[in-house]
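The opening residue of the sequence shown carries number 0 in numbering that gives the first Met the number 0; numbering runs sequentially from there.
Note that the Cβ used here is the ideal one computed from N, Cα and C, for glycine as well.
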Amino acid sequence: MSIKHLAGGTSAFALAVAALVGGIGAANATEGYFQTGYGTIQKAQSGAGIANPEDAMTLSVNPAGLVSVGRQFEAAFTLFSPKRDYTAGGSRAFGMPGAMPLMPGKVDSTQDLFLMPNMAYSAPIDAQSAWGVALFGNGGMNTNYQSNVFYGGQTGVNLEQMFLTVGYARKFGDVSVGVSPVVAMQKFRATGVGAFSVMSADAANLTNNGDDYAWGAGLRVGAQWNISPAFRVGLTAQTPIWSTKFDKYAGLYADGGSFDIPGSVGAGVAFDVTPAITLMADYRHIFYGGVKSIANSSTNFYNLMMLGDMNSRFGSGNGSGFGWKDVDVIALAASWKATKDLTLRVGYSHNTNPISSNDVMMNILAPAVVTDHVSGGLTYAWSKNLEIDLAAAYVPRASVSGTNPLAPDQTIKLSMEQYEASIGMRYKY
């Protein structure tokens, strides 16, 4: 690889970053608030591919795959549409001291169309090693209810996350290993939750304070073992991304606005049934339970109301969160090189639901209750150097119901379904 080629590739990447960085948006994604795959190939395969690297976006999954994909630049856009709503039942609890029943009926969250880009560049260093860089956005907890949900006017939250990672991989015979430091920027905004100010450790920094930003860093590592030419095994792990705090929302999130990004681990296998057909199976575990602001029970404020525990106020160490549990994901996929120029892909994934029936009220703000993901797509070689990727996905409607903890006679049901379409291009040098 020449210095001229390297400079050309990195310049193209820098221009793409400048053009696209402002387009990264937020929406509720399938696996809690993580997307099911970041590149178009991953999306067509419902996130599967830990042991089957095909493009530079392997950096977002398993950096060890960099030694297998050669020198290329890719960019893609995903149009994502989550349909989310909640339904509040009738309540007889209006007369209870401190009761806060929701207005009965179904309420839809508006603003349900988002554009999310990603891009990546990879290049060999020598016959045994390679490097790469990738930029991608994460789905987040986004809702926008025009109704007076918690009696504080227009209500909702918006979380946007952007990741930049640079990776290095090296091959040792049939085994390759990779490492990729990750830096992240998070943007957050909350509106309409002023009714909880009496339960907050910092009521001035609870709601309606506009956008706030947090910065963080972590590390992803990975390995791939080519057991035979037709059978591969991959392992990957991501540390938490330790972040600065959302100071403007220090009275909402636990530990004074702390909001780290959860870590994860994963493993995958890929088997070439024939030279044209590859089957893949992946497992991922996301450690939502390791982040207090996400994992603390949404009803921890009871400790304040019933026991006078000041550490259970919103924004305190044991303050109410969203009650999310760790998530396990199984992804299955197949790719078929139907012709010299055309590869067809299909995938399915299932994840456990992070939200329990006890935590439905606060998760009106983040109703990430979906569990199944069906996808398909293709890669078409337009020319010797240029490939086009297409992917589409459907996430069937799922629901969780539970009781309003501030109006025990009222039932709340959270529901969501999703639609997604992606298009990407890849230039191979």
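- Excluding sequence positions up to five before and after Pro123, its CB lies within less than 8 Å of the CB of Met0, Val66, Gly69, Arg70 and Ala129, all in the same chain and listed in chain order.
- Boundaries of the alpha helix (DSSP H) harbouring Lys42: Thr39 to Ala43, taken from the DSSP string.
- Remark: C-beta atoms of Pro353 and Ala367 approach each other more closely than 8 Å.
- Gly31 has its alpha-carbon roughly 21 Å from the corresponding atom of Val106.
- Boundaries of the alpha helix (DSSP H) around Lys291: Lys291 to Ala294.
- By the criterion of a C-beta distance shorter than 8 Å, Pro395 is surrounded in its chain by Val369, Asp371, Val373 and Glu416, once the five residues flanking it on both sides are discounted.
- Pairing Ala63 with Ala213 gives a Cβ-Cβ distance that is not under 8 Å.
- Phe149 and Leu234 have their C-alpha atoms some 44 Å from each other.
- Residue burial is scored here from C-beta neighbours: Trp323 has at least 16 other C-beta atoms within 10 angstroms and is therefore classed as buried.
- Just so you know, the alpha carbons of Ile240 and Tyr426 end up roughly 31 Å apart.
- Its chain contains Ala275 and Thr342 as the residues whose beta carbon lies nearer than 6 Å to that of Lys336, once the 5 sequence neighbours on both sides are disregarded; these appear in chain order.
- Checking the DSSP bridge columns, you'll see Ala47 has no partner listed.
- Annotated as distal: Ala43 and Ala380, with beta-carbon spacing of 8 Å or more.
- Within a 10 Å sphere around the beta-carbon of Gln185 sit 16 or more other beta-carbons, which makes this residue buried.
- Inclusion of Asp388 and Ser297 in the CB contact set at 8 Å is not warranted, their separation being larger than that value.
- Proximity to Pro116 across Gly131, Met161, Ala229 and Gly104 peaks at Met161, based on C-alpha coordinates.
- DSSP places Asn157 within a strand segment (E or B) once states are collapsed to three.
- The beta carbon of Ser108 is closer than 6 Å to those of Arg83, Thr142, Asn143 and Tyr144 in its chain, skipping five residues each way along the sequence.
- Ser334 and Asn204 have their C-alpha atoms some 50 Å from each other.
- An exposed status is given to Thr273, since fewer than 16 other beta-carbon atoms sit within 10 Å of its beta-carbon.
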